[in-house]
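Numbering (the numbering used here), first residue to last: 3 to 68. Taking it in order: structure first as structure tokens, then the write-up.
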């Protein structure tokens, strides 16, 4: 299945949503993107949105078995 994703538009949505303080939506939208799309979007994101995504990544690491 081939999808055409407008990365500039997606980055714009992520940035504006992040500025509105909707961090849960930013994380959900980010996590639903393939890794190659995330790599294309990352340079287009503002600092606030990047921080939200980075914080999300730190909090979503798999639990270690003890």
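By construction, the Cβ of each residue, glycine as well, lies at the ideal position given by its N, Cα and C atoms.
Measuring C-alpha to C-alpha distances from residue 6 to each of 25, 36 and 57 identifies 36 as the nearest. Here DSSP, grouped into helix, strand and coil, assigns residue 31 to helix. Here the alpha carbon of residue 60 sits roughly 15 Å from the alpha carbon of residue 26. For the pair residue 15 and residue 55, the CB atoms are not nearer than the 8 Å cut-off.
When secondary structure is reduced to three states using DSSP, residue 48 falls in the coil class, being assigned neither helix nor strand.
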